[in-house]
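Asks:
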Amino acid sequence: MKIGIHLSTFTKSWEEDIFQYFSVASKIGYDGVEIPIIDANNFDSKKSKKLLKENNLLCTCGTGLNIEKDISSIDKNIRDNGMKHLKKCIDICNELESDCLGGVLYAPWGMKKSRAEAKDNINFSIESLREIASYAEVRGVTLALEVLNRYETFFINTVEEGLDILKKIDSNNVKIHFDTFHGHIEEKSLKDAILKGGKNIFHVHFCENNRSTPGTGQINWREVKKALKEINYDRWITLENFTMPNCQVGNDVSIWRKTGESNYKVAELGFKFIKQLMDKQEV
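For reference, each letter of the sequence shown is one residue, going 1 to 283 in full-length UniProt numbering.
1. Between Met83 and Ile237, which are expected to be in contact by the criterion C-beta below 8 Å, what is the C-beta distance as a whole number of angstroms?
2. Write down the C-beta distance between Thr180 and Asn210 rounded to the nearest angstrom, noting that I regard them as a contact closer than 8 Å.
3. What number of angstroms, rounded off, separates the C-alpha of Val283 from the C-alpha of Val224?
4. Nearest to Ile67 by alpha carbon, out of Glu54, Lys53, Cys61 and His85?
5. Thr153 to Lys112, Cα distance in whole Å?
6. Among Glu95, Asp99, Ala118 and Ser98, which residue has its Cα nearest to the Cα of Tyr106?
7. Taking the beta strand (DSSP E) that Phe202 belongs to, which residues open and close that run?
8. By Cβ distance, which residues of its chain are closer than 8 Å to Lys175, with the 5 residues on each side in sequence left out?
9. Do you know how far the Cα of Gly162 is from the Cα of Asn149?
10. Under 6 Å Cβ to Cβ from Asn232, same chain only, skipping five residues before and after it: list those, please.
11. Using a Cβ-Cβ cutoff of less than 6 Å, which residues in the same chain neighbour Gln218 once the five nearest sequence positions on both sides are dropped?
12. Using DSSP bridges, identify the partner residues of His6.
13. Less than 6 Å between C-beta atoms, sequence neighbours within five positions excluded: which residues of the same chain meet that for Ser262?
14. How is the beta strand (DSSP E) around Ala136 delimited, first residue to last?
15. Starting from the C-beta of Leu96, find all residues in its chain whose C-beta is less than 8 Å away, skip the five residues before and the five after it, and write them out in chain order.
16. Between Asn56, Phe43 and Ser13, which has its C-alpha nearest Thr4's C-alpha?
17. Could you check where the beta strand (DSSP E) with Phe178 kicks off and where it finishes?
18. Got a sec, what are the start and stop residues for the beta strand (DSSP E) Cys100 sits in?
19. Could you tell me which uninterrupted alpha helix (DSSP H) segments, each at least 4 residues in length, are contained entirely in the segment 230 to 268, listed from first to last along the chain?
20. Residue ranges of each alpha helix (DSSP H) run of no fewer than 4 residues wholly in the segment 52 to 100, ordered along the chain?
21. Using 8 Å as the Cβ pair cut-off and three pairs as the minimum, do the segment 68 to 79 and the segment 16 to 28 touch?
22. Give the single residue among Asn123, Glu268 and Val266 whose Cα lies nearest to the Cα of Arg79.
23. Just checking my contact of Val159 with Lys188 at CB under 8 Å: how many whole Å lie between their CB atoms?
24. The beta strand (DSSP E) that contains Leu143, what's its start and end?
25. Using only CA atoms, which one of Cys93, Phe242, Asn241 and Ser254 lies nearest to Glu137?
26. Is it buried or exposed for Ser212, if we count other Cβ within 10 angstroms and need 16 for buried?
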């Protein structure tokens with residue numbers, strides 16, 4: 001099992017230079033970083049690969065869609081923009097030797113519609129993801145669809161709903177990205193949700209119920225650990241926390257007060273918590 005950190009944990013804006021944080025993550029002890037790919041066309045893969053090597057880090061990648069790059073859109077031109085974006089992200093994963101592209105890959109983050117109203121959007125997304133999955137498989141990359149809470153998407157809110165979408169896509173190369181923050185809001189039991197996801201859970205984010213350091217809130221981490229052990233999950237556990245208000249990232253993820261001491265302190269404490277939790281032998 002490897003411990004990673006989502007680089008947006010450190011940033012105040014989505015356009016901020018993430019490369020400065022590679023060495024910070026390495027010094028704390030992380031095995032790798034999760035790289036948010038915001039602008040795939042202008043992402044510096046060569047610099048990223050160089051810094052990963054220099055800091056002895058591995059990586060995973062994540063991305064999302066917007067209203068101009070949306071594979072669920074009724075407008076074919078917009079769908080094509082979304083397809084190009086995801087394919088470019090997959091190429092970047094391949095260049096960085098990452099086997100996972102996670103995140104909100106199915107519709108724009110924050111889009112809210114009733115599912116009846118969005119029936120065509122859902123069908124277009126599923127159709128698009130089939131094509132994207134084939135493209136990714138050839139390049140050794142698996143798509144991990146992030147399950148989000150109801151306030152951030154209408155599309156997939158529970159692991160059970162994620163499994164239903166996977167069946168409709170019908171590809172061995174599309175899996176589930178499970179995040180404890182979202183799961184704490186939507187699932188009746190985090191343990192049961194993880195067990196239900198089983199071998200289809202390909203990527204995991206750890207975050208407390210208030211977006212802060214794991215172990216400081218309401219989530220039953222012992223149950224989360226038990227469930228991950230039961231499904232023999234042995235991939236990445238990635239810290240994704242947001243603590244700072246009054247900035248672009250904080251505003252976009254609804255952080256209206258400080259939820260932790262600082263981004264850096266949360267990164268340090270989060271690493272220690274995850275390592276101690278997962279290394280501890282249960283009696």
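Just so you know, even glycine gets a beta-carbon here, dropped at the ideal spot from N, CA and C.
Replies: The short version:
1. As a working note, residue 83 is residue 83 in the sequence shown. As a working note, residue 237 is residue 237 in the sequence shown. Rounded, the Cβ-Cβ distance is 30 Å, inconsistent with contact.
2. On the sequence shown, residue 180 is found 180 positions in, with the first residue counted as 1. On the sequence shown, residue 210 is found 210 positions in, with the first residue counted as 1. Their Cβ separation, rounded to whole angstroms, is 12 Å, which puts Thr180 and Asn210 out of contact at 8 Å.
3. In the sequence shown, counting from the first residue as 1, residue 283 sits at position 283. In the sequence shown, counting from the first residue as 1, residue 224 sits at position 224. A caution first: Val283 carries a pLDDT of 41, below 50, which makes its placement in the model unreliable, though a value can still be read off. Taking the straight line joining both Cα atoms gives about 16 Å.
4. By one-based count along the sequence shown, residue 67 stands at place 67. The candidate whose alpha carbon is nearest that of Ile67 is His85.
5. The sequence position of residue 153 within the sequence shown is 153, counting from 1. The sequence position of residue 112 within the sequence shown is 112, counting from 1. Going from the Cα of Thr153 to the Cα of Lys112 covers about 6 Å.
6. Your numbering for residue 106 matches position 106 in the sequence shown. It is Ala118 whose Cα lies nearest to the Cα of Tyr106.
7. Along the sequence shown, one-based indexing puts residue 202 at 202. Phe202 -> beta strand (DSSP E) spans Ile201 to Phe206.
8. Translated into the one-based positions of the sequence shown, residue 175 becomes position 175. For Lys175, where only same-chain residues beyond five positions count, the Cβ hits under 8 Å are Thr142, Leu143, Ala144, Leu145, Leu166, Asn200, Ile201, Phe202 and His203.
9. The residue labelled residue 149 in the question sits at position 149 within the sequence shown. The residue labelled residue 162 in the question sits at position 162 within the sequence shown. Each residue's Cα considered, the two are about 12 Å apart.
10. On the sequence shown, residue 232 is found 232 positions in, with the first residue counted as 1. The answer is none, since no qualifying residue turns up.
11. Taking the sequence shown and counting its residues from 1, the one referred to as residue 218 is at position 218. For Gln218, where only same-chain residues beyond five positions count, the Cβ hits under 6 Å are Asn209.
12. Position 6 of the sequence shown, counting from 1, holds the residue named residue 6. Answer is Glu34.
13. Reading the sequence shown from its first residue, position 262 is the one you call residue 262. Nothing listed; no residue qualifies.
14. Your numbering for residue 136 matches position 136 in the sequence shown. That residue, Ala136, is in no beta strand (DSSP E); its alpha helix (DSSP H) goes Lys119 to Val138.
15. By 1-based counting over the sequence shown, the position of residue 96 is 96. Contacts found: Ile35, Ser45, Ser48, Lys49, Leu52, Cys59 and Cys61.
16. By 1-based counting over the sequence shown, the position of residue 4 is 4. Residue 4 is actually Gly in this sequence, not Thr. That would be Asn56, whose Cα lies nearest to the Cα of Gly4.
17. For this step, residue 178 is matched to residue 178 along the sequence shown. Val174 to Asp179 is the extent of the beta strand (DSSP E) around Phe178.
18. Mapped onto the sequence shown, residue 100 falls at position 100. Segment Cys100 to Pro108, the beta strand (DSSP E) holding Cys100.
19. 248 to 252
20. The segment 52 to 100 contains these whole alpha helix (DSSP H) runs: 76 to 95.
21. no
22. Along the sequence shown, read from residue 1 onward, the residue named residue 79 stands at position 79. Residue Asn123 is the option with its Cα nearest to Arg79.
23. One-based indexing of the sequence shown puts residue 159 at position 159. One-based indexing of the sequence shown puts residue 188 at position 188. Not really, about 11 Å apart at Cβ, beyond 8 Å.
24. In the sequence shown, the residue the question calls residue 143 occupies position 143. Counting along the chain, Leu143 sits inside the beta strand (DSSP E) bounded by residues Thr142 to Glu146.
25. In the sequence shown, residue 137 corresponds to position 137, counting from 1. Ranking the options by Cα distance to Glu137, first place goes to Cys93.
26. Here residue 212 is taken as the residue at index 212 of the sequence shown, counted from 1. Buried.
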